[in-house]
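Below you'll find the structure, written out as structure tokens, and then a few comments.
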Amino acid sequence: MTFNFDTLLDRRHTGSTKWSRYPADVLPMWVADMDLPVANEITQALHKRLEHPQLGYSVAQDALREAIVADLWNKYAWRIEPQDLVFLPGVEPGFNMALRAFVEPGRNVVVQTPNYRPLRLAPGNWELPKVELPFERDAQGNYVTPIAALRDSLQDGGALLLSNPHNPLGKVFPREELQQVAEACLESGALIISDEIHADLCYDGRRHVPTASLGTEIARRTITLMSASKAYNIAGLKTAYAIIQDPVVRERFNAARGGMVDSVNALGLEATTTAYRECGAWLKALVEYLQGNRDYLQHAVQTRLPGVVMQPAQGTYLAWLDCSALGLEDPYQFFLDKAKVGLSAGIEFADDARQFVRLNFGCPRALLEEGISRMENSLRQR
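Note that the sequence shown covers residues 1 to 382 in full-length UniProt numbering.
See below:
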């Protein structure tokens with residue numbers, strides 16, 4: 001079976017957040033939303049669901065719970081039970097609910113930086129002390145967790161907000177490092193809130209390791225947040241889920257909705273069921289295509305964007321570009337003004353990351369080339 005990811009889609013008049021932020025002459029390559037069509041099986045399932053003329057409040061059916069249980073076992077050899085799943089309209093409500101439910105006032109919440117902006121902001125929503133813990137670089141340029149510093153930051157318990165695969169670094173935590181991180185949290189009594197929304201998007205033969213799959217004690221202290229939204233490009237259908245294997249923790253988490261977190265979109269439940277049950281071949285082809293895009297971008301950065309440095313993403317469809325050598329006051333603004341390319345500003349991800357930008361390569365190859373060409377021309381003309 002073959003899939004065509006090269007088709008260019010016009011999204012400007014669809015209400016797309018990605019394509020509404022900038023003027024028409026700007027190519028948007030910012031928010032984590034792919035410019036690729038969903039699998040035909042998902043489209044067909046939604047058409048079929050719409051044959052029934054009622055779209056009231058909906059709950060996850062057994063078929064969806066069973067599909068997720070099977071998917072987690074098949075992909076990660078992680079055994080959970082259907083009742084471990086708590087459905088949510090997004091991952092962001094999930095990590096805020098977890099902080100509200102479990103972290104006592106005055107206890108630290110650790111966020112590894114750079115990191116996804118809503119994760120960085122979440123502790124402040126509940127007036128909790130935030131510790132931003134920078135990754136360290138090893139001799140190969142890989143970002144690694146400073147375990148001793150993590151232990152120091154979690155001395156009084158609290159929580160770690162973990163992003164894996166990591167946004168914006170594209171880091172896929174190896175099992176050994178993830179084990180060390182989890183054990184540091186266990187030693188301090190800290191909760192692990194693990195955002196694993198990009199789990200299905202790993203490259204070069206890597207396989208995601210769910211934090212809670214590392215052991216029984218770790219599972220008891222972990223709230224895992226997942227969704228089909230990124231890998232299957234259905235983010236607008238607002239469907240995610242928490243995996244909580246301890247029933248007492250699960251009940252307490254659910255009670256933290258606080259009138260702010262509602263039920264899940266009826267069509268999102270349908271699309272998620274279909275994604276996990278029927279779209280395995282599509283996902284495999286997508287990952288191959290995205291890895292090709294990553295490699296294409298990597299080569300272009302090395303040969304056509306002098307002064308820009310890119311550590312190849314191990315997962316996600318996000319590239320973290322170091323523009324320090326360009327000598328620009330604000331690389332994000334430069335590429336917006338001069339190249340007409342809308343990237344994500346590094347300052348959103350860390351206070352010391354102004355010289356970085358994040359680029360979304362989840363798009364047809366021709367669109368990626370257009371963005372690269374615009375950036376290349378802007379650097380030549382400055």
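In this text, a Cβ means the ideal position worked out from N, Cα and C, and glycines have one as well. Small disclaimer: the values here were computed from a predicted structure and weren't measured.
| Query | Result |
| --- | --- |
| Straight-line gap, Ser378 to Ala353 (C-alpha atoms, nearest Å) | 21 Å |
| Whether Thr272 touches Pro165 by CB criterion (8 Å) | no |
| Sheet register partners of residue 426 (DSSP bridge) | Not covered by the structure: residue 426. The range shown for the chain is 1 to 382. |
| Identified DSSP bridge partners for Tyr241 | Phe87 and Met226 |
| Whole runs of the beta strand (DSSP E) within the stretch 275 to 340, excluding any shorter than 3 residues | 318 to 322 |
| Own chain residues within Cβ distance below 7 Å of Leu119, not counting five before or after | Phe95, Val111, Leu161, Ser163 and Asp195 |
| Exposed unless 16 or more other CB atoms sit within 10 angstroms - verdict on His52 | exposed |
| Same chain only: Cβ atoms within 6 Å of Glu92, ignoring 5 sequence neighbours per side | Pro118 |
| CB-CB length for Tyr241 against Asn167, believed under 8 Å | Contact doesn't hold; Cβ gap of about 18 Å is too wide. |
| Spatial distance of Glu329 from Gln355 (CA atoms) | 8 Å |
| Extent of the continuous beta strand (DSSP E) run through Asp71 | Per DSSP, Asp71 belongs to no beta strand (DSSP E); it is in the alpha helix (DSSP H), Asp62 to Tyr76. |
| Three-state secondary structure (DSSP) of Ala159 | strand |
| Residues that Val144 bridges to, as DSSP identifies them | Glu136 |
| Sequence-distant residues of the same chain with beta carbon closer than 6 Å to Tyr57, five excluded per side | Ser263 |
| From Val341, Ser373 and Asn254, residue whose alpha carbon lies closest to that of Arg21 | Val341 |
| Minimum C-alpha distance to Leu9 - residue among Gly259, Glu132, Asp35 and Met1 | Asp35 |
| Cβ pair count under 8 Å reaching 3, the stretch 80 to 90 against the stretch 301 to 312 | no |
| First through last residue of the alpha helix (DSSP H) which encompasses Val249 | Pro247 to Asn254 |
| Cβ separation of Pro89 and Gly106, assumed to be a contact under 8 Å, to the nearest whole Å | Rounded, the Cβ-Cβ distance is 30 Å, inconsistent with contact. |
| Member of Leu201, Gly158 and Glu176 whose CA lies at the smallest distance from the CA of Gly189 | Gly158 |
| For Val357, the residue or residues it bridges with in DSSP | Leu321 and Ala345 |
| Delimiting residues of the beta strand (DSSP E) encompassing Leu191 | Leu191 to Asp195 |
| Own chain, CB closer than 7 Å to Thr222, minus 5 neighbours either side, in chain order | Ile192, Ser194, Thr211 and Ala212 |
| Rounded straight-line distance, which links the Cα of Val59 to that of Cys279 | 22 Å |
| Helix, strand or coil at Pro118 [DSSP, three-state] | helix |
| Per DSSP, the bridge partner or partners of Val264 | Ser58 |
| For Val181 and Met310, the rounded distance between their alpha carbons | 25 Å |
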